[in-house]
Structure formats: structure tokens, C-alpha cells
Amino acid sequence: KNFSLSLSLRSVAMEVIAPLNQALLPVPANTRPLTGKFCGGSVSGIGFSLPLPCLTTPARNHCRKLMVTRASIAVEQHTETKVSLIKIGTRGSPLALAQAYETREKLMATHAELTEEGAIQIVIIKTTGDKILSQPLADIGGKGLFTKEIDEALLNGEIDIAVHSMKDVPTYLPDGTILPCNLQREDVRDAFISLSAASPAELPAGSIVGTASLRRKSQILHKYPSLNVLDNFRGNVQTRLRKLNEGVVQATLLALAGLRRLNMTENVTSILSIDEMLPAVAQGAIGIACRSNDDKMANYIASLNHEETRLAVACERAFLETLDGSCRTPIAGYACRDKDGYCIFKGLVASPDGTRVLQTSRKGPYAFEDMILMGKDAGKELLSQAGPGFFDS
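Numbering follows the UniProt record's numbering, with no gaps: position 294 of the sequence shown is 294.
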């Protein structure tokens with residue numbers, strides 16, 4: 001069929017697709033899919049393995065032949081591919097659910113087929129950290145308190161992807177899983193919330209600050225030794241704010257990222273600078289994991305990755321891994337890009353009572369291997385300074 005280049009796009013589409021609806025040309029036997037390596041799986045450069053056959057038509061120029069090729073691919077995908085359900089595993093707290101819904105919205109925004117009704121389902125999973133609320137996290141012990149059960153569901157095929165707060169993810173991922181995506185990081189700073197003081201410095205001696213974080217506890221006690229810390233101040237954001245309103249504590253510290261995701265920043269009294277309160281490793285970052293043999297899911301979630309965040313989180317986690325950090329260890333670390341494009345890393349370890357705080361910093365290229373080395377080197381330095389028994393004080 002002859003085509004005129006002056007036809008409208010709609011006319012061309014009707015002319016091209018109608019004959020193809022009658023009989024799609026077979027893929028030549030020697031056609032090879034465009035593939036690449038990512039996260040331990042074979043994936044394609046465009047999100048899936050796809051042969052690109054060159055369809056022969058009577059068209060008179062290359063542009064028209066290319067249009068036919070693309071149209072045939074679109075028809076073939078539409079007629080032969082059915083969107084299967086994607087199950088997103090998450091904890092059930094309001095913040096965790098907000099992160100899961102953010103992930104769902106980003107998937108739908110970047111993959112049109114996932115906008116179909118019922119294409120994505122949120123699955124709530126209760127973790128050890130959610131079940132045991134009567135003890136401080138440091139007393140429960142172990143790693144993966146907020147991720148283990150979700151990862152098990154992933155490996156068992158009960159869910160397809162897992163959405164985690166990166167600060168909760170152990171430095172070693174379970175065998176059979178990969179984490180190819182970090183969403184763009186939120187504000188990493190901590191928020192100070194009080195009904196009676198504008199900042200920690202204005203709290204009267206003997207005031208009680210509620211926090212379940214040893215990192216926050218040690219830094220508060222180091223700077224303000226006259227204050228007291230209630231370290232079993234557990235529960236979701238709403239629960240902690242309710243306890244503050246009831247007078248259980250005079251102040252609390254919460255991640256600003258969580259408050260922003262929950263649209264609850266009106267509760268913030270003041271925001272602590274990085275120098276006032278160094279954040280937790282990977283604070284404000286969301287990680288999305290899948291099975292290592294699931295190329296389809298790896299492609300979906302890798303398309304959401306924010307590379308600057310991924311590199312910063314990798315640097316911080318290298319620092320944490322070197323220190324073998326857990327919920328029993330007051331550790332803080334933060335990597336960011338400065339105005340000149342370099343990576344600036346700050347790391348901290350402290351005794352649980354805040355009497356000793358050790359800090360270090362690094363500057364280097366904002367590149368994966370360099371940043372991993374920076375994190376590890378900073379961790380080794382602080383381990384050497386701390387000496388044996390430091391974290392038992």
C-alpha cells in the first residue's frame with residue numbers, strides 16, 4: 001500500500017495498523033533480544049527482552065518502514081501481553097503505607113500498563129519490631145527487626161516487591177534478594193517537637209525527651225547532659241505525638257522525612273541542623289527490593305532509581321557495615337554532594353550514655369567505588385579510635 005507523507009498521524013496509524021491486525025509477521029529465527037546485566041539478572045535496555053524484527057513492506061522510504069515496525073510491536077504487545085498483579089509488601093504503619101503508596105504511584109506514572117485497575121496490590125506484613133512494643137529496640141536485639149518478615153514473604157513468593165525504610169535494612173541482604181532502587185531522598189534532618197520549648201537548649205534541666213533511637217539519645221545527652229531521655233518511647237508517629245500531648249515527655253525528636261510524607265509538618269517546633277543532630281545512616285531514603293531471579297520486577301523498580309540517593313546511601317551503609325552497626329549501637333552517618341560536585345561524608349559513633357562521641361569526615365569524588373571506600377575508611381578510623389568495649393559503656 002502506498003502512503004503519502006502528508007497524511008495526518010491518525011491516518012497513517014489507521015493505514016498501518018489495520019493490515020497488521022490481520023496477520024502479524026513472525027519474528028525471524030536469527031533475531032536476538034537486546035539484553036544487559038543489572039542487579040544479578042538479565043534485563044533489557046528498555047525494560048524487557050524484546051526482539052526487534054525488521055518488517056518488509058512495500059513502503060518507499062525508511063521512515064515509513066520504521067513506523068510499520070513500531071506499530072507491529074505495539075499491536076503485538078497489546079494483543080499478547082496481559083498485565084499480571086504486582087504485590088507490594090510493606091509494614092502497616094501510616095508512614096510505611098505512605099511509602100508503599102508513593103512507590104505505587106511512581107510505578108503507575110512510569111509504566112502505563114500498571115495503571116489498569118487492580119494491577120498493583122498493597123500487602124501489609126507485621127514485623128518483629130511491630131509486634132514487640134514493650135521493650136526498647138536495643139533490648140530486643142538482632143538485625144532486620146522491621147524487614148525480616150517482609151523479606152521472607154518476598155522469597156516465598158507471597159509478594160513481588162518489598163518497600164523498606166533504608167535505615168531499617170541490614171547491611172547484608174538475604175540471599176535471593178536484590179535492592180536495585182532507592183527513591184529520591186527526603187529531607188534527612190531531625191525535627192524537634194515540644195509544647196514548652198523552641199529547641200533542646202531551652203528545655204529546663206530534668207526535662208524528659210522521648211526517643212527510641214540510641215543515636216538521638218547519645219547525641220542529646222552529649223550536648224545537654226542535664227536532660228533525661230525516655231528510651232522506650234516507641235510507636236508510630238501518631239502514637240508518639242499523642243504521648244507528648246499527654247505529658248509523658250516534654251519533647252521528642254522525629255525524622256522530618258516521615259513527617260513530610262505524612263503531611264504532618266505543622267507539628268514541628270524546630271528543625272535540627274546536621275551539625276546539631278547527625279542523622280541515621282540512610283535516613284529519609286526508601287529502598288525497593290525484589291527477588292534476584294525476577295528480571296521483570298527488577299526492571300520495573302530499577303526505572304524508579306534515583307542515582308544520587310543510591311550512591312549516598314551506599315557510602316553510608318559501607319560505613320555502617322564496617323562498624324557492624326545494629327540497634328544496640330549509636331551510629332550516625334550522612335553523605336551528600338556539595339556545590340562543587342564532591343561527596344562530603346560525616347560519620348559518628350557514641351557511647352550509649354553520650355559521655356563519649358567520636359566523629360570523622362571525608363571528601364572525595366561523587367562516584368560509587370570512591371564513596372564505598374570513603375565510608376569504609378571512615379568506619380575503620382572510628383573503630384580504631386573507639387577501642388574494645390567502647391559500645392559497652
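A virtual CB, placed ideally from N, CA and C, is assigned to each residue, including glycine.
Taking 4 residues as the minimum length, the alpha helix (DSSP H) runs contained wholly in the segment 127-202 are 128-131, 137-140 and 148-155, in order along the chain. For the pair residue 188 and residue 347, the Cα-to-Cα distance works out to about 14 angstroms. Distance from the CA atom of residue 125 to the CA atom of residue 278, rounded to whole angstroms, is 30 angstroms. In the same chain as residue 88, and ignoring 5 residues on each side of it, the C-beta atoms closer than 8 angstroms to its own belong to 100, 103, 104, 120, 121, 122, 123, 159, 160, 161, 162 and 163, in chain order. Residue 288 sits buried, since 16 or more C-beta atoms from the chains shown fall within 10 Å of its C-beta.
Where residue 304 is concerned, there is no enclosing alpha helix (DSSP H), because DSSP gives it neither an H nor an E. Beta-bridge partners assigned by DSSP to residue 343: 337 and 364. Nearest to residue 178 by C-alpha distance, out of 328, 84, 296 and 244, is 296.
For residue 219, the enclosing alpha helix (DSSP H) stretches over residues 214-223. If you ignore the 5 residues before and after residue 316, its C-beta comes within less than 7 angstroms of the C-beta of 281, 282, 333, 334, 335 and 375, all in its own chain and listed in chain order. Cβ atoms of residue 314 and residue 372 come within 8 angstroms of each other, at about 6 angstroms. With contacts defined as CB atoms closer than 8 angstroms, residue 195 and residue 244 qualify as a contacting pair. It is roughly 20 angstroms from the alpha-carbon of residue 190 to the alpha-carbon of residue 146. Taking C-alpha positions only, residue 350 is separated from residue 251 by approximately 22 angstroms. Residue burial annotation: residue 345 is buried, with at least 16 other C-beta atoms found within 10 angstroms of its C-beta. Per DSSP, reduced to three states, the secondary structure at residue 285 is coil, with no helix or strand assignment. In its chain, beyond the 5 residues on either side, 259 have a beta carbon closer than 6 angstroms to the beta carbon of residue 265. Judged by beta-carbon spacing, residue 230 lies within the 8 angstroms limit of residue 208, meaning their Cβ atoms are closer than that value. Note that the C-beta distance between residue 249 and residue 210 is below 8 angstroms.
Of the residues 204, 91, 378 and 96, the one whose Cα lies closest to the Cα of residue 324 is 378. Apart from sequence neighbours up to five positions away, the residues of its chain that approach residue 234 with a beta-carbon distance below 6 angstroms are 133 and 212, ordered along the chain.
In the three-state DSSP reduction, residue 267 falls in the helix class (H, G or I). In this model, residue 290 and residue 298 are separated by some 7 angstroms (Cα to Cα). Distance from the Cα of residue 181 is smallest, within the candidate group 307, 342, 355 and 339, for 307.
The beta-carbon separation of residue 358 and residue 320, rounded to 15 angstroms, does not stay under the 8 angstroms limit for a contact.
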